[in-house]
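In case it helps, my numbering puts the sequence shown at residues 1142 to 1416.
Just so it is clear, CB atoms sit at the ideal spot from N, CA and C, and this is done for glycine as well.
Source: prediction; values computed, not measured.
Notes follow the structure.
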Amino acid sequence: MKSIILCTVFCLIAFTSSAYANIEISKDQSSSLIKYCQLDECKSYFKMYKKAASRGHAGAMAILGQFYYIGYGTEPNEEQAIRFLKRAARYADTSAQYKLGVIYLTSKENYDFDAAIKFLNKAAKKDDERANLLLGIIYYNNQFTPQNFVLADKYLSKSYQQRHLKIPAVIGNIKANVSLDNSNFPLLFEELNKTPLLVANDGAIQWPEDEIEVLTITSPPLTKILTENLIAYRRAITTTGSRIPGKSCGEIIGCLQSLGGNLYGLAPFIKLGGL
1142 MKSIILCTVF CLIAFTSSAY ANIEISKDQS SSLIKYCQLD ECKSYFKMYK KAASRGHAGA
1202 MAILGQFYYI GYGTEPNEEQ AIRFLKRAAR YADTSAQYKL GVIYLTSKEN YDFDAAIKFL
1262 NKAAKKDDER ANLLLGIIYY NNQFTPQNFV LADKYLSKSY QQRHLKIPAV IGNIKANVSL
1322 DNSNFPLLFE ELNKTPLLVA NDGAIQWPED EIEVLTITSP PLTKILTENL IAYRRAITTT
1382 GSRIPGKSCG EIIGCLQSLG GNLYGLAPFI KLGGL
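If you want it as structure tokens, here you go:
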């Protein structure tokens, strides 16, 4: 019986064959622009982002967490990665929230299902398509928690509305194993009726061509982006959260303006090691 092996890396999700009951969420081994590096240049960037994080910039905290996780300019340290990602997440950094969810699901030393769900839900509430798909699969499968079609339907239907590239593979798996109808997945069933998927010659379920937007993105060099983002982190943040009268959290630099928050889809560039 086919199932989904869910490799989550910044929401790169790949599907292969295995036993249906064993959805495996693991670190993806695909290449990324940020890799383990102990060169002097990498160590220099690490020090600069550590200083920027100490000034109160959530974006710098998120990136520093990534540096610690992958070992960029420092030795890998999951505890420190979690520490700085949590700090960024407190300032509503969606990417940091998502990455924390993945770490808590995949870590051997820091596995915490409840914490993973908490942070993934925070990201999902901000319409993070990676979090919606991952939560849908978690509740569809029973590896981490008892199967819950109501919650699976909730998140997978959102993922379908967001036209996630991997949702057709998930739907194909569901159809191969359970009934995808108005009784099990009413919200997802409704979305499927609105925008039906196509079946390719090889039997694969896929989006209609007019539903696929093809973008060619050329990512600038990592060092160029790291340098440019440091400019925004020069000044210290003297207030936190949304406590400035008349200012929302999203209007405060360092609250939502995070390099980590803009990385998905190479916009602009980075991935959290295995995340």
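With distance defined between alpha-carbon atoms, name the residue in Ile1279, Tyr1232, Val1291 nearest to Lys1263.
Taking the sequence shown and counting its residues from 1, the one referred to as residue 1263 is at position 122. Checked all of Ile1279, Tyr1232, Val1291; the closest Cα to Lys1263 is Tyr1232.
Residues bridged to Leu1339 by DSSP?
Taking the first residue of the sequence shown as position 1, residue 1339 is located at position 198. Gln1347, per the DSSP bridge assignment.
Three-state secondary structure (DSSP) at Thr1381?
On the sequence shown, residue 1381 is found 240 positions in, with the first residue counted as 1. For Thr1381, the predicted model reports a pLDDT of 49, less than 50, meaning its position is unreliable; a value from the coordinates is still stated below. Thr1381: coil per DSSP, three-state reduction.
Give me the Cα-Cα distance between Gly1200 and Leu1338, rounded to the nearest whole angstrom.
Taking the first residue of the sequence shown as 1, we reach residue 1200 at position 59. Taking the first residue of the sequence shown as 1, we reach residue 1338 at position 197. Gly1200 and Leu1338: Cα-Cα distance of roughly 38 Å.
So what's Tyr1374 in DSSP terms, helix, strand or just coil?
Your numbering for residue 1374 matches position 233 in the sequence shown. In the structure shown, Tyr1374 sits in coil (DSSP, three-state: anything other than H, G, I, E or B).
Which same chain residues end up closer than 8 Å to Glu1182 when comparing Cβ atoms and leaving out the 5 residues on each side of it in sequence?
Mapped onto the sequence shown, residue 1182 falls at position 41. These residues qualify, in order along the chain: Thr1364.
Do Ala1293 and Tyr1281 have their C-beta atoms closer together than 7 Å?
Looking up residue 1293 in the sequence shown gives position 152. Looking up residue 1281 in the sequence shown gives position 140. A contact, by the Cβ cut-off of 7 Å.
Using the C-alpha atoms, what's the distance from Tyr1374 back to Tyr1213?
Mapped onto the sequence shown, residue 1213 falls at position 72. Mapped onto the sequence shown, residue 1374 falls at position 233. Taking the straight line from one Cα to the other gives about 19 Å.
What span of residues does the alpha helix (DSSP H) with Asn1262 cover, start to end?
The residue labelled residue 1262 in the question sits at position 121 within the sequence shown. Here the alpha helix (DSSP H) through Asn1262 covers 1254 to 1266.
Tell me whether Tyr1417 sits in a helix, a strand or coil according to DSSP, three-state version.
Any property of residue 1417 remains undetermined from this structure, which presents the chain solely from 1142 to 1416.
Got a sec? Which residues, its chain only, sit under 8 Å from Trp1348 by beta carbon, not counting five neighbours each side?
Position 207 of the sequence shown, counted from the start, is the residue given in the question as residue 1348. Hits under 8 Å: Arg1304, Leu1306, Pro1309, Leu1338, Leu1339.
Can you tell me where the alpha helix (DSSP H) with Ile1204 in it begins and where it stops?
Locating residue 1204 in the sequence shown gives position 63, where the first residue counts as 1. It spans 1199 to 1211 - the alpha helix (DSSP H) in which Ile1204 sits, taken as one unbroken run.
Look at Ile1204 and Tyr1186 and say whether their C-beta atoms are less than 7 Å apart.
Here residue 1204 refers to the residue found at position 63 when the sequence shown is read from its first residue. Here residue 1186 refers to the residue found at position 45 when the sequence shown is read from its first residue. No, Cβ-Cβ distance for Ile1204 and Tyr1186 is not below 7 Å.
Taking the alpha carbon of Lys1259 as the point to measure from, which residue in Ser1298, Val1243, Gln1302, Glu1332 has its own alpha carbon closest?
In the sequence shown, counting from the first residue as 1, residue 1259 sits at position 118. Among Ser1298, Val1243, Gln1302, Glu1332, the Cα nearest to that of Lys1259 is on Val1243.
On the CB-based measure, 16 or more other CB atoms within 10 Å of its CB, does Leu1180 come out buried or exposed?
To locate residue 1180, count along the sequence shown from 1; it is residue 39. The residue in question, Leu1180, is exposed, as its Cβ has fewer than 16 Cβ neighbours within 10 Å.
If we count the other Cβ atoms within 10 Å of its Cβ and call it buried at 16 or more, is Gly1277 buried or exposed?
One-based indexing of the sequence shown puts residue 1277 at position 136. Buried, because 16 or more other Cβ atoms sit within 10 Å of the Cβ of Gly1277.
What does a CB cutoff of less than 7 Å around Leu1261 pick up in its chain, not counting 5 residues either side in sequence?
Position 120 of the sequence shown, counting from 1, holds the residue named residue 1261. Counting only Cβ-Cβ distances below 7 Å, and skipping sequence neighbours, we find Tyr1239, Gly1242, Ala1272, Leu1275, Leu1276.
Could you round the C-beta distance between Arg1228 and Ile1378 to whole angstroms and report it? I think they count as a contact, below 8 Å.
If you number the sequence shown from 1, residue 1228 lands on position 87. If you number the sequence shown from 1, residue 1378 lands on position 237. Not confirmed; about 12 Å, so no contact.
Using a Cβ-Cβ cut-off of 6 Å (strictly less than) and excluding sequence neighbours within five positions of Tyr1245, which residues of its own chain qualify?
By 1-based counting over the sequence shown, the position of residue 1245 is 104. Cβ within range, chain order: Asp1253, Ala1256, Ala1257.
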